[in-house]
Amino acid sequence: MKLNNKRTIVNFSNSLLKHFGAPTWHETIPEIDQALEGQDKVVVMLFDGLGRYIIDKHLRTRGFLRSHYLTTINATFPPTTVASTNGFLSGKFPIETGWISWSQYFEDYKCDIEVFKNTRSSDGSLVRDKDNLIIAEKCPYENIFKQIKKANPSVNVFDVFPHKVRPKSDITNFKKARLTINKALKESTKAFVYFYWTLPDGNIHRYGVKSLRVHFVIKKIQRFVKKMVKNNPDTVFLTFADHGLIDVKYLDICDHDDLQNLLYRPLSFEKRVVNFFVKPDKKEQFALLFQKYYGRHFELLDRKTVFQNELFGKGRPHLVSYDFIGDFIAISKDEYCLYASNETTPEKFVAHKGHHAGGTKEEMEIDISIFND
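In numbering that gives the first Met the number 0, the protein residues as written are 0 to 372.
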């Protein structure tokens with residue numbers, strides 16, 4: 000799998016830092032830098048899961064979003080919300096932040112934890128209060144809003160999240176989001192606004208890439224963007240995603256006891272990028288058996304290669320990244336996911352129709368569209 004760590008959502012974030020006069024952590028993206036020149040008000044709108052592949056499936060070339068296409072970038076690896084959104088919000092790669100994937104093993108708690116929810120990956124039970132994320136305590140970072148405000152106090156910064164993500168927010172629909180953003184822009188001469196929306200990701204997980212429900216949601220997103228842009232002609236808007244999704248199938252590692260018995264911890268990370276902790280004297284055997292059973296569908300990388308190839312991005316690894324990353328990483332090359340049925344309760348396991356976090360271009364590629372430039 001070939002990675003380009005110079006044209007990612009993290010580099011996009013660094014272009015924004017550069018534009019507002021804040022120090023950068025990584026390379027910026029030239030065409031974004033150029034598009035932002037002279038702009039006092041900037042709104043970036045992230046629609047979860049609305050990658051290039053999804054846009055091309057559901058929207059016409061002459062439609063509002065696609066007709067304002069600026070450039071294509073990549074998600075972080077893995078192309079999943081934990082890694083990609085926090086990469087954007089920090090300006091740093093997952094290896095640097097420690098925010099790597101949906102489910103990470105915490106030695107302090109002796110279990111895999113779903114980092115956005117503080118729940119055990121095995122059964123969904125709370126590890127502790129969900130309003131105090133363990134990952135945020137373990138891996139804190141200064142977000143780009145604070146970085147920009149610190150470097151350029153004259154800029155008003157706003158982060159706008161839906162109620163589903165931030166319970167104190169009253170934003171439950173696009174109308175409320177529009178009113179909130181319009182008010183912020185009206186009251187500012189210089190502004191940076193970040194807006195995040197959970198869809199279409201959730202619908203694609205549940206119904207699949209080609210679903211009519213997904214199609215209607217994406218068309219609704221396009222109408223929302225069009226209204227926002229027309230309401231604020233003095234503001235440049237950029238739309239993007241954190242990743243794409245594809246329709247998937249499932250393989251159960253429990254079908255091969257001889258392979259699973261070589262592990263000393265449960266699987267972690269994601270079903271399309273799987274993290275393995277292998278018994279010290281069984282690594283060679285594990286690699287051979289994995290290649291035999293799953294080599295057709297997954298690329299297997301050992302720990303040394305993961306770090307050498309900068310799989311999870313450039314920069315100095317966070318100390319806990321060394322703990323989170325196991326002995327091998329398996330990356331899906333096609334539509335298959337890998338899970339362990341004996342590590343999850345039947346009530347907890349959900350076979351999503353659409354998924355992400357693998358190594359396909361459909362999951363990795365993100366289109367950026369620009370308006371009022």
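Positions of the beta carbon are idealized from the N, C-alpha and C atoms, including for glycine.
At what residues does the beta strand (DSSP E) containing residue i begin and finish?
i, result
"residue 234", "Counting along the chain, residue 234 falls outside any beta strand (DSSP E), and DSSP gives it neither H nor E."
"residue 87", "Unbroken run through residue 87 is the alpha helix (DSSP H), 80-89; no beta strand (DSSP E)."
"residue 30", "From DSSP, residue 30 is part of no beta strand (DSSP E) but of the alpha helix (DSSP H) over 29-35."
"residue 40", "40-46"
"residue 52", "Note, residue 52: premise wrong, no beta strand (DSSP E); alpha helix (DSSP H) at 51-57."
"residue 454", "Any question about residue 454 goes unanswered here, given that the chain covers just 0 to 372."
"residue 158", "155-159"
"residue 140", "Careful: residue 140 lies outside any beta strand (DSSP E) and carries neither H nor E."
"residue 194", "190-196"
Just to confirm my understanding: we take residue i, look at its own chain, exclude 5 residues before and 5 after, and list those with CB closer than 7 Å. What are they?
i, result
"residue 85", "96, 98"
"residue 51", "71, 243, 364, 365, 366"
"residue 153", "189"
"residue 179", "159, 170"
"residue 142", "88, 89"
"residue 19", "147, 150, 151, 154, 191"
"residue 129", "116, 117"
"residue 3", "73"
"residue 227", "177, 180, 236"
What does DSSP give as the partner residue(s) for residue i in the beta ladder?
i, result
"residue 103", "112"
"residue 354", "245"
"residue 301", "327"
"residue 295", "Looking at the DSSP assignment, residue 295 forms no beta bridge with any residue, so it has no partner."
"residue 98", "DSSP output for residue 98 lists no bridge partner at all."
"residue 367", "70"
"residue 262", "277"
Quick check on the burial criterion: 16 or more other C-beta atoms within 10 angstroms. Buried or exposed for residue i?
i, result
"residue 169", "exposed"
"residue 211", "exposed"
"residue 232", "exposed"
"residue 108", "exposed"
"residue 338", "buried"
"residue 349", "exposed"
"residue 61", "exposed"
"residue 270", "buried"
"residue 357", "buried"
"residue 316", "buried"
"residue 407", "Beyond the ends of the chain as shown, which are 0 and 372, falls residue 407; an answer cannot be given."
"residue 80", "buried"
Flag this pair as yes or no: are the beta carbons of residue i and residue j separated by less than 7 Å?
i, j, result
"residue 34", "residue 369", "yes"
"residue 213", "residue 372", "no"
"residue 47", "residue 238", "no"
"residue 351", "residue 162", "no"
"residue 319", "residue 137", "yes"
"residue 330", "residue 274", "no"
"residue 122", "residue 347", "yes"
"residue 155", "residue 132", "no"
"residue 221", "residue 21", "no"
"residue 272", "residue 93", "no"
"residue 302", "residue 280", "no"
"residue 250", "residue 335", "yes"
"residue 63", "residue 225", "yes"
"residue 157", "residue 183", "yes"
"residue 164", "residue 134", "no"
"residue 223", "residue 297", "no"
"residue 66", "residue 75", "no"
Tell me the residue span of the alpha helix (DSSP H) that contains residue i.
i, result
"residue 374", "Because the chain is modelled from 0 through 372, residue 374 falls outside the range shown and cannot be assessed."
"residue 144", "143-150"
"residue 8", "8-18"
Can you list, in chain order, the residues of its chain whose CB lies under 8 Å from that of residue i, leaving out five sequence neighbours each side?
i, result
"residue 230", "177, 181"
"residue 258", "252, 285, 288, 289, 292"
"residue 11", "28, 31, 72, 87, 239, 367"
"residue 217", "49, 53, 54, 57, 58, 199"
"residue 91", "9, 24, 25, 140, 312, 314"
"residue 277", "261, 262, 263, 285, 325, 326, 327"
Spatial neighbours of residue i within its chain, please: CB distance less than 6 Å, with the 5 preceding and 5 following residues excluded, ordered by chain position.
i, result
"residue 44", "194, 238"
"residue 353", "203, 204, 207, 208, 244, 246"
"residue 160", "168, 195"
"residue 111", "102, 104, 120, 265, 267"
"residue 323", "99, 103"
"residue 344", "122"
"residue 14", "27, 28, 31, 32"
"residue 187", "155"
Got a sec: is the Cβ-Cβ distance from residue i to anything in chain B below 7 Å?
i, result
"residue 35", "Chain labels in this structure do not include chain B; a single protein chain is all it has."
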